[in-house]
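Chains as they are written, first to last, in UniProt numbering: chain V, 1 to 174; chain B, 1 to 166.
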Amino acid sequence: MAAPESGDGNNGAARMVTLISSDNTRFEVEAAAASLSQTLQLTILDGGGGGGDGIPLPNVDSATLSKVLEYCIKHAPAAANGGAPNATAVDRAELERFDNEFVNIDQSVLYSLIMAAHNLEIEGLQSLVAKKVADMIKGKSPMEIRRTLGFPDPTPEEQAEMNAHMLEYGWAYE
Amino acid sequence: MASPARQIADHQAPAPFLTLTDELLEDIFFRLPAPTDLARASAACISFRRIITDRSFLRRFRVVHPPPLLGFAAYEGFLPAQPPHPSAPLGDALAGAADFSYSFVPTGRWNTPWHPRDVRQGRVVLECTPECELAFDYYDIVYLKHLELAVCDPLSRRYRLLPRIP
């Protein structure tokens, strides 16, 4: 058997759907994985995406979509078990390891991922990226935050704002 | 002499996170672990500040991250949180930055010092009473009409005297 049963009693062997990225690349993936997206789940329940049709995703390019699907495929079995109440500690540790590794990527990719997760309503992925960006910001001074996120040099107005902030709240950061 | 030109990175890819929607930025800020992180992020750029200082955002943030306990405003003064409590450094910083002797509140009708009576969210209710024997039960000897009350913020050193109880 090629793929593990998702075990939710769907129509026989794993049903496959086709997704089409904005640059016209076709991705064939198990319906259970694609259904991590609330948006796609509705289409799939309606019977879409099967056969030669494919579901067009005009807002997601192929590089981003393949990354999104990597996440979905990894998380699909746990999601099928209803948040995996009976998952072993090993399984959970493995997912956590995967997640940490998964978001260890360039900012521009993080950005595309969070946009895609939001568009496709993949809650777990959106949280994962948001948490990663929050971790990049935490514990940093306003200027360090700007540098970390690659913001351009502050305008005089922004610089004045930061100085005033440090004057008023600098005591809290020592 | 030409002054050194300010380095302008000529149109490298604009910082992606500057263009995120408010909704997604909120989702990120929600996951900051401490209010200090939120405060610093709010100073980093104008649009961050607009989102973070929005009242409804702050209200939701406080539900998830209750304000940390920094210490106790006790009769004897401020007792900052001690290690290993996670707020210990911030408590110490507050002790240094704020005035818990309340010297900025003008002396009341009685020539006695102001003492804290209650604290809510960083505001201290102060009371000033006539000289009294500590041995007596407080309520036996202080008439409400003799009580002077004030509310203050020891950090910004702002205060408001409350009207006397008739």
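Note that the Cβ used here is the ideal one computed from N, Cα and C, for glycine as well.
Burial is judged here by how many other beta carbons sit within 10 angstroms of a residue's own beta carbon; Arg92 (chain V) has fewer than 16 and is exposed.
With 16 or more other Cβ atoms inside 10 Å of its own Cβ, Ala32 (chain V) counts as buried. The continuous beta strand (DSSP E) containing Cys152 (chain B) extends over residues Glu148 to Asp153. Contact between Ser141 (chain V) and Arg40 (chain B) holds: CB atoms are separated by about 6 angstroms, below the 8 angstroms threshold.
Here the C-alpha atom of Pro86 (chain B) lies approximately 9 angstroms from the C-alpha atom of Leu69 (chain B). Counting C-beta atoms within 10 angstroms of its own C-beta, Thr107 (chain B) has fewer than 16 neighbours from the protein chains shown and is therefore classed as exposed.
For the UniProt domain "F-box" (20-61) of chain B, the full-length alpha helix (DSSP H) segments reaching 4 residues or more read 22-30, 35-44 and 46-52 along the chain. Ranking V:Thr39, V:Gln38 and V:Ala14 by CA distance to the CA of Glu28 (chain V) puts V:Ala14 first. Nearest CB-CB separation between Phe102 (chain V) and chain B: not below the 8 angstroms threshold. In this model, Pro113 (chain B) and Gly77 (chain B) are separated by some 12 angstroms (Cα to Cα). Out of V:Pro154, V:Val17, V:Pro56 and V:Ala80, the CA that lies nearest to the CA of Cys45 (chain B) is found in V:Pro154. A Cβ-Cβ contact shorter than 8 angstroms links Val103 (chain V) with Leu110 (chain V). Membership of Thr64 (chain V) in the alpha helix (DSSP H) is indicated by the continuous run Ser62 to Ala80. Secondary structure at Ile20 (chain V): strand, using DSSP grouped into helix, strand and coil.
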